[in-house]
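Report on the structure given below.
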Amino acid sequence: MANVGIVIVSHSEKVAEGAADMVRQMVGDAVPLAFTGGNSDGGLGTDVGQIMEAIDRAWSEAGVAVLVDLGGAETNTEMAIEMIDEARQKRIAICNAPIVEGAVIAATEASGGSPLDIVKQTAEELSPQ
Amino acid sequence: MDTALKKSLIEDCAKMIIAHADELTSLDQAIGDGDHGVNMKRGFESLLADADALAARPLPDMLKAIGTQLVMKVGGASGPLYGTLFLSLAKEISEAPTADHARAAFAAAIEAVKARGKSDVGQKTMLDVFAPVLAAWDNRAGLAAHLSETARQAADATVPMKAIRGRASFLGDRSIGHMDPGARSSSLLIATIAKHFGA
């Protein structure tokens, strides 16, 4: 079965792209990866439509783990998930983890073939309990 | 609901938000990330541009389209929050709601916003305007003016609050002394809607 995909959602496209670069360096092409950042005007922010597209680009039958930065990124990602095909919704998980470290750890876990719940759990071990 | 009334509601709400965009942004610069005005303006400009088509739809469809448009255009945290408010109203309301139906729909929409924002009353958010307005919504004569005034006072009452949710919560005690931008935009919208119903 395919590996879990990783999606990075930041308010800043540069942060999202930089985090994605670090993930690529760790795991190469072993996991589907997509990132998005910025609002629909190209400023700082997040965009529901772009988040839906990023999830689609990183889609894997094993599911997708999403890393987000500040509040609006999380709220917009939740909204995006609800607007995606219902059959896919259960296979998308937002990880409560720091965006850069979380993305790298989640991708490393995913590259070993771990299922979505383990990928999410491993990333979340980075957050203070 | 009458098409002309629906169109007038959309246009006046949009114009109100656009006219206050700079004020909303400066409130948000004080305690947030300074994008509330520009985000809301972008969303409501798109509603204004579509006002004819939106108003031609039955009320539930119109509210659903407004919610979707706000979700897609506003961004920030307010996009999904206002989007959820309108999407939830769309689910609960009928084409010709009585005042009681409208109140019940508003109550359900507030619960949906609470769930979306993982927030509750007392945390210096738009909920601190919505909840008092719902509580003040009774059968009195002059209800619209009463709700408009309640919303205004409720937004003012967010000034001494400490933010618990959203970007402002990073500031902790430093969020005290500023009006919450989401509370302000909510009170502007409620005042505009109330005006159409006699306030």
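Protein sequence lines correspond, in order, to chains A and B. Going by the numbering used here, the first sequence opens with residue 12, and the numbers climb by one from there. Going by the numbering used here, the second sequence opens with residue 1322, and the numbers climb by one from there. In this text, a Cβ means the ideal position worked out from N, Cα and C, and glycines have one as well. Computed from a predicted model, the values in this text were never measured in an experiment.
Round the Cβ separation of residue i and residue j to the nearest angstrom and send it over; I've been treating them as touching at under 8 Å.
i       : j       : result
V42/A   : N87/A   : Going by Cβ atoms, the distance from V42/A to N87/A rounds to 23 Å, so no, they are not a contact pair.
A1376/B : K1445/B : 34 Å between Cβ atoms; not a contact.
D1459/B : T1479/B : So it is not a contact: roughly 23 Å between Cβ atoms.
S21/A   : D80/A   : 5 Å
P1381/B : E1432/B : Actually they do not touch by this definition, with Cβ atoms about 18 Å apart.
Looking only at C-alpha atoms, which of the options sits nearest to residue i?
i       : options                            : result
I105/A  : T119/A, G123/A, D96/A, G82/A       : G82/A
D52/A   : I1338/B, M1337/B, G1397/B, D1371/B : G1397/B
F1534/B : G1388/B, D1494/B, L1380/B          : Past the boundaries of the shown model lies residue 1534/B; chain B is included only from 1322 to 1520, so the question cannot be answered.
A1520/B : L1509/B, A1386/B, L1468/B          : L1468/B
E24/A   : Q36/A, D58/A, D40/A                : D58/A
H1499/B : P1481/B, L1326/B, A1515/B, R1486/B : P1481/B
T1324/B : M1337/B, R1378/B, G1353/B, D1349/B : R1378/B
I1338/B : F1518/B, F1427/B, L1510/B          : L1510/B
D1356/B : V34/A, M33/A, L55/A, D40/A         : L55/A
A1515/B : Q1474/B, D1477/B, L1464/B          : L1464/B
Q1474/B : L1455/B, A1456/B, V1450/B          : V1450/B
R1424/B : A1456/B, G1400/B, K1394/B          : A1456/B
Does DSSP put residue i in a helix, a strand or coil?
i       : result
I19/A   : strand
G56/A   : coil
G1519/B : coil
V75/A   : strand
A1398/B : coil
L81/A   : coil
G48/A   : strand
A27/A   : helix
A104/A  : strand
P1379/B : coil
V115/A  : helix
H1341/B : coil
S1415/B : coil
R35/A   : helix
L1369/B : helix
N14/A   : coil
S1329/B : helix
K1385/B : helix
K1483/B : coil
V1442/B : coil
N87/A   : helix
D67/A   : helix
Report the rounded CA-to-CA distance for residue i versus residue j, giving the unit in angstroms.
i       : j       : result
L1402/B : R1437/B : 7 Å
P109/A  : A1466/B : 47 Å
W70/A   : S138/A  : 25 Å
V38/A   : D96/A   : 28 Å
R1488/B : A1411/B : 28 Å
D1333/B : S1506/B : 13 Å
A1512/B : A1472/B : 7 Å
I1331/B : L1368/B : 7 Å
L120/A  : L1384/B : Reading off the sequence, residue 120/A comes out as Glu, not Leu. Taking the straight line from one Cα to the other gives about 43 Å.
D1441/B : E1470/B : 22 Å
R1486/B : A1420/B : 31 Å
D1349/B : G1493/B : 15 Å
G1503/B : A1370/B : 23 Å
F1491/B : A84/A   : 16 Å
T1346/B : S125/A  : 44 Å
E34/A   : D40/A   : In the sequence under discussion, the amino acid at residue 34/A is Val, which differs from the Glu named in the question. Cα to Cα, V34/A sits roughly 10 Å from D40/A.
A98/A   : Q36/A   : 32 Å
S1399/B : F1518/B : 26 Å
E89/A   : A1386/B : 19 Å
Quick one: residues in its chain with C-beta nearer than 6 Å to the C-beta of residue i, no 5 flanking neighbours on either side, listed in chain order?
i       : result
I19/A   : A27, A30, A31, F46, L78, A114
E9/A    : Because chain A is modelled from 12 through 140, residue 9/A falls outside the range shown and cannot be assessed.
A1342/B : G1358, K1362
A1430/B : L1406, S1409, L1410
D1354/B : R1488
S1496/B : I1352, K1483, A1484, A1489
G1404/B : G1388, L1391, V1392
A1426/B : L1410, E1413, I1414
A65/A   : V18, A45, T47
V111/A  : A30
N50/A   : G56, D58
G74/A   : V15, R102, L127
P1453/B : T1471, A1475
Once the 5 residues before and after residue i are set aside, which same chain residues still bring their CB inside 8 Å of it?
i       : result
Q100/A  : I92, E93
R1461/B : H1467
L1448/B : I1431, V1434, K1435, G1438, S1440, D1441, V1442
A1313/B : This structure cannot speak to residue 1313/B, because chain B is shown only from 1322 to 1520.
N1360/B : V1395, G1396, G1397, S1399, G1400
Using a Cβ-Cβ cutoff of less than 7 Å, which residues in the same chain neighbour residue i once the five nearest sequence positions on both sides are dropped?
i       : result
A117/A  : I17, A76, L78, C106, V130, T133, A134
M63/A   : A91, M94, I95
H1422/B : I1414, S1415
D1373/B : K1328
M1322/B : L1380, E1416, A1417
R157/A  : One cannot answer for residue 157/A here, as it falls past the ends of chain A, which runs 12 to 140.
L1326/B : H1517
Taking a cut of 8 Å between CB atoms, which residues from the stretch 71–93 of chain A lie near chain E?
Absent here is chain E; the protein component of the structure consists of chains A and B.
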